[in-house]
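Read through the structure below, which is laid out as structure tokens, and then see the notes.
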Amino acid sequence: MDKLIYLVPGFISYIVLRPFGLFNFQSDTDRQLTLIILSLINSGLSTALASYFWKNSIIAMCISALIITVIYFGLFATYNHISQKIADFFDVNIYDNMGTMEHSLSQNFKGKEQFVISFDFNNNYIASGYVRNIDDQGNQQLELYGQKEHIYSIKTARNLYAENDLNSIIVDYKNKIKSYVIIF
0 MDKLIYLVPG
10 FISYIVLRPF
20 GLFNFQSDTD
30 RQLTLIILSL
40 INSGLSTALA
50 SYFWKNSIIA
60 MCISALIITV
70 IYFGLFATYN
80 HISQKIADFF
90 DVNIYDNMGT
100 MEHSLSQNFK
110 GKEQFVISFD
120 FNNNYIASGY
130 VRNIDDQGNQ
140 QLELYGQKEH
150 IYSIKTARNL
160 YAENDLNSII
170 VDYKNKIKSY
180 VIIF
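Structure representation (structure tokens):
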């Protein structure tokens with residue numbers, strides 16, 4: 000029973016890496032499987048470190064959590080960076096399980112930020128701001144930030160949209176919302 004403590008670094012790795020957007024879950028099962036795999040890998044490393052270096056101490060668990068989290072960060076960051084290039088080379092769509100909004104907002108534009116302006120189907124302003132966090136549960140939720148909210152007109156949003164080919168419009172027919180994604 001005392002060996003179960005070595006599963007903790009998997010959760011620590013998950014908690015530390017989650018804010019970086021390195022995980023993309025389509026269901027709770029995906030999240031649970033990832034936690035199990037992280038915990039098992041960390042458990043093996045923790046046990047090895049504890050057995051050989053620190054004689055089953057909590058220090059081994061903390062050091063292994065740090066080591067494995069850095070390794071995971073490198074692996075996931077590299078994968079997220081090159082996965083689209085590999086998918087394009089093999090003509091494969093890696094975003095099949097992603098929702099449209101999540102796919103659009105998961106694009107990484109070097110040195111640029113995504114700004115979203117949302118309207119209902121009657122062109123009434125809803126919200127705007129820079130994208131900070133995207134819901135990965137398929138709920139079409141996102142967190143926006145900015146210093147002060149400015150109420151945009153549909154004309155302004157359309158003009159901003161026309162300025163860059165990287166900009167996009169997400170139309171949500173179910174909730175009757177259209178969102179202009181502007182790259183700055």
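In numbering that gives the first Met the number 0, the protein residues as written are 0 to 183.
Backbone N, C-alpha and C fix where the C-beta goes; we use that ideal spot for every residue, glycine too.
Tell me residue i's beta-bridge partners as DSSP assigns them.
{"i": "Gln-83", "result": "Beta-bridge pairing links Gln-83 to no other residue."}
{"i": "Asn-132", "result": "Glu-142"}
{"i": "Ala-126", "result": "Ser-117"}
{"i": "Ile-181", "result": "Phe-114"}
{"i": "Ser-167", "result": "Val-180"}
Put residue i into one of helix, strand or coil per three-state DSSP.
{"i": "Tyr-172", "result": "coil"}
{"i": "Ile-150", "result": "coil"}
{"i": "Met-0", "result": "Since pLDDT at Met-0 reaches only 43, below the 50 mark, its modelled position is unreliable, and no value is offered."}
{"i": "Asp-27", "result": "helix"}
Quick check on the DSSP output: the beta strand (DSSP E) that includes residue i runs from which residue to which?
{"i": "Asp-90", "result": "From DSSP, Asp-90 is part of no beta strand (DSSP E); its letter is neither H nor E."}
Review point. Would you say the segment 73 to 80 touches the segment 146 to 163, given that touching needs at least three Cβ pairs under 8 Å?
Key: no
Exercise for review: Taking 8 Å as the threshold, find out whether the segment 141 to 148 comes into contact with the segment 160 to 169 through three or more Cβ pairs.
Suggested key: no
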